[in-house]
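Chemist: Per my numbering, the very first residue in the sequence shown carries number 1; after that it's consecutive.
Glycine is no exception: its CB is placed at the ideal position from the N, C-alpha and C atoms.
Structure below; questions to follow.
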Amino acid sequence: MSNSTAAPVVSISQEDIVRIAQTVKEFLIGDLHNLIDEKQKPVLRELKELKIKYDDLDKKVESFQDIITVHESSEVSNNLKAEIKYLKNKCDDLEQHSRKYMVRFTGVPFSYGENTDNKILQIASQMHVQMSQSDIVISHRTGKQHSDRPRPIIIRLASHAVKESLLRLSKFNKKNPQLANISINQELTRLRSKLAYYARFLVRNKKLKSTWVVDGKIYIVDNKDDKHIVRNNDDFIAMLNELEIEPPTEWSEQPDEATGATRERLLTHDDGAMSVINGDVGNGGR
Numbered sequence: 001m002s003n004s005t006a007a008p009v010v011s012i013s014q015e016d017i018v019r020i021a022q023t024v025k026e027f028l029i030g031d032l033h034n035l036i037d038e039k040q041k042p043v044l045r046e047l048k049e050l051k052i053k054y055d056d057l058d059k060k061v062e063s064f065q066d067i068i069t070v071h072e073s074s075e076v077s078n079n080l081k082a083e084i085k086y087l088k089n090k091c092d093d094l095e096q097h098s099r100k101y102m103v104r105f106t107g108v109p110f111s112y113g114e115n116t117d118n119k120i121l122q123i124a125s126q127m128h129v130q131m132s133q134s135d136i137v138i139s140h141r142t143g144k145q146h147s148d149r150p151r152p153i154i155i156r157l158a159s160h161a162v163k164e165s166l167l168r169l170s171k172f173n174k175k176n177p178q179l180a181n182i183s184i185n186q187e188l189t190r191l192r193s194k195l196a197y198y199a200r201f202l203v204r205n206k207k208l209k210s211t212w213v214v215d216g217k218i219y220i221v222d223n224k225d226d227k228h229i230v231r232n233n234d235d236f237i238a239m240l241n242e243l244e245i246e247p248p249t250e251w252s253e254q255p256d257e258a259t260g261a262t263r264e265r266l267l268t269h270d271d272g273a274m275s276v277i278n279g280d281v282g283n284g285g286r
């Protein structure tokens, strides 16, 4: 019988098996986490870059939306301005049409208890204009009281022919001592009276050759003998631009001979538009 060495018998308890399995699990989980982290890093970097690009794009979209909003607002504003200007011109046309038979007498001496109809008829007689009480619809003084001059008299006539006779013959008033200080002009809207006054201002300053008013239209002859017709601000500005005439920023303080107007100012806005403002203005003559 031969002697032999038997392998030692290792006894592993159930508890040891669980502990070994737990240790292997922890090693595997750690390696797996490291492997996942390494795989995720490029993906996370790419996601981060995409987020940055998205945020930048989102800011650009917001900026474009603001630009579009401003553009739409500006377009709406411009459309409203154009519509307002159109409506103002139409209102001025209608107002001028309502004054078709009206005439303004300036410089007629005032007297207490006066009858303006009689004063107008007396002036017409001195001018050799055939005119009767039936030609006068109504007459009255208008405007603010001034210490240095009487208020104008406004008269509505029944006949356009009588109106034309008064306006046509009024240019001879200067030759009659009794009428030398009296001016007879068409009754214009506030806007047109200002434009007519400015036209006379430019004539006096040799910027234009002559100007007169017929049926609410302001006729102007420039220094090249070209004729222009002005009904509103747009017409007037277009003529000034065409003739390269720079509008003055302030009027003279001296009263206008025909209307007694004192001072006017012109404002040139950023968009090149010109508005006539202020002043106590009479009406344009022929």
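Alpha carbon to alpha carbon, how far is Arg104 from Ser77? Give it in angstroms, no decimals.
Modeler: Taking the first residue of the sequence shown as position 1, residue 77 is located at position 77. Taking the first residue of the sequence shown as position 1, residue 104 is located at position 104. Straight-line Cα distance between these residues: approximately 39 Å.
Chemist: So Thr290 and Ser183 are supposed to be a Cβ contact under 8 Å. How far apart are they, rounded?
Modeler: The structure shown does not extend to residue 290, since the chain is modelled only from 1 to 286, so the question has no answer here.
Chemist: Note down, in chain order, each residue of its chain lying with its Cβ closer than 8 Å to the Cβ of His140, except the 5 sequence neighbours on either side.
Modeler: Residue numbering aside, residue 140 sits at position 140 when the sequence shown is read from its first letter. Correct list, in chain order: Thr116, Ile153 and Ile154.
Chemist: Do you know how far the Cα of Glu62 is from the Cα of Ala261?
Modeler: Locating residue 261 in the sequence shown gives position 261, where the first residue counts as 1. Locating residue 62 in the sequence shown gives position 62, where the first residue counts as 1. The predicted position of Ala261 is uncertain, since its pLDDT is 43 and thus under 50; a value taken from the coordinates is nonetheless stated next. Going from the Cα of Ala261 to the Cα of Glu62 covers about 55 Å.
Chemist: What does the alpha-carbon distance come out to for the pair His146 and Phe110?
Modeler: For the purposes of this step, residue 146 is taken as the residue at position 146 of the sequence shown. For the purposes of this step, residue 110 is taken as the residue at position 110 of the sequence shown. The alpha-carbon atoms of His146 and Phe110 are separated by roughly 11 Å.
Chemist: Relative to the C-alpha of Lys163, which candidate in Ile218, Met102 and Leu121 has its C-alpha closest?
Modeler: As a working note, residue 163 is residue 163 in the sequence shown. The shortest Cα separation from Lys163 among Ile218, Met102 and Leu121 belongs to Met102.
Chemist: Measuring straight from C-alpha to C-alpha, what distance separates Gly216 and Gln130?
Modeler: Within the sequence shown, residue 216 is the residue found at index 216, counting from 1. Within the sequence shown, residue 130 is the residue found at index 130, counting from 1. The straight-line gap from Cα to Cα measures roughly 24 Å.
Chemist: Would you call His228 buried or exposed, if buried means 16 or more other Cβ atoms sit within 10 Å of its Cβ?
Modeler: Numbered from its first residue, the sequence shown carries residue 228 at position 228. Per the 10 Å Cβ criterion, buried.
Chemist: Counting C-beta neighbours from all protein chains within 10 Å, is the total for Lys119 16 or more, i.e. buried, or is it exposed?
Modeler: The residue you call residue 119 lines up with position 119 of the sequence shown. Label assigned to Lys119: buried.
Chemist: Does the beta-carbon distance from Asn223 to Leu208 come in below 8 Å?
Modeler: In the sequence shown, residue 223 corresponds to position 223, counting from 1. In the sequence shown, residue 208 corresponds to position 208, counting from 1. Their beta carbons are under 8 Å apart, which means Asn223 touches Leu208 by this criterion.
Chemist: Quick one: using the 10 Å Cβ neighbour count with 16 as the cut-off for buried, is Ala158 buried or exposed?
Modeler: Numbered from 1 along the sequence shown, position 158 holds the residue referred to as residue 158. So Ala158 counts as exposed.
Chemist: Suppose you measure from the CA of Glu15 to the CA of Ile52; what does that come to, to the nearest Å?
Modeler: In the sequence shown, residue 15 corresponds to position 15, counting from 1. In the sequence shown, residue 52 corresponds to position 52, counting from 1. Using only the alpha carbons, I get a separation of about 53 Å.
Chemist: Return the first residue and the last residue of the beta strand (DSSP E) that Tyr219 is part of.
Modeler: For the purposes of this step, residue 219 is taken as the residue at position 219 of the sequence shown. Lys217 to Val221 is the span of the beta strand (DSSP E), which, as asked, contains Tyr219.
Chemist: Quick check: is the beta carbon of Val129 nearer than 8 Å to any beta carbon in chain D?
Modeler: Here there is only one protein chain, and chain D is not present.
Chemist: Which of helix, strand or coil does DSSP assign to Thr189?
Modeler: Counted from its first residue, the sequence shown places residue 189 at position 189. Here Thr189 sits in coil by DSSP.
Chemist: Taking Asp93 as the reference, give the member of Arg231, Phe236, Ala238 and Asn79 with the closest Cα.
Modeler: Here residue 93 corresponds to residue number 93 of the sequence shown, with the count starting at 1. Comparing Cα-Cα distances from Asp93 to each of Arg231, Phe236, Ala238 and Asn79, the minimum goes to Arg231.
Chemist: Run the CB neighbour count on Glu187, radius 10 Å, all protein chains shown included, and call it buried at 16 or more, exposed below.
Modeler: Against the sequence shown, residue 187 aligns to sequence position 187. When all chains shown are included, Glu187 counts as buried.
Chemist: How big is the Cα-Cα spacing for Asp234 and Tyr112?
Modeler: Counting from 1 along the sequence shown, the entry for residue 234 is found at position 234. Counting from 1 along the sequence shown, the entry for residue 112 is found at position 112. In a straight line, the C-alpha of Asp234 is about 44 Å away from that of Tyr112.
Chemist: Taking only the alpha-carbon atoms, compute the straight-line gap between Arg168 and Lys85 and give it to the nearest angstrom.
Modeler: Here residue 168 corresponds to residue number 168 of the sequence shown, with the count starting at 1. Here residue 85 corresponds to residue number 85 of the sequence shown, with the count starting at 1. About 34 Å.
Chemist: Going along the chain, which residues of its own chain have a beta-carbon closer than 6 Å to the beta-carbon of Leu243, five neighbours each way excluded?
Modeler: The residue you call residue 243 lines up with position 243 of the sequence shown. Same-chain partners within the cutoff: Asp222.
Chemist: Starting from Ser210, follow the beta strand (DSSP E) in both directions and report where the run begins and ends.
Modeler: Your numbering for residue 210 matches position 210 in the sequence shown. Where Ser210 is concerned, the enclosing beta strand (DSSP E) stretches over Ser210 to Val214.
Chemist: Please name the residue in Ile245, Lys60 and Arg192 whose C-alpha comes closest to that of Arg99.
Modeler: Counted from its first residue, the sequence shown places residue 99 at position 99. Here the closest residue by C-alpha is Arg192.
Chemist: In terms of alpha-carbon separation, which member of Leu195, Trp212 and Val214 lies closest to Leu240?
Modeler: To locate residue 240, count along the sequence shown from 1; it is residue 240. That would be Leu195, whose Cα lies nearest to the Cα of Leu240.
Chemist: Can you give the beta carbon distance from Ala238 to Ile220, rounded, assuming they're within the 8 Å contact cut?
Modeler: Numbered from 1 along the sequence shown, position 238 holds the residue referred to as residue 238. Numbered from 1 along the sequence shown, position 220 holds the residue referred to as residue 220. In fact, because the Cβ distance is near 12 Å, the residues do not count as touching under 8 Å.
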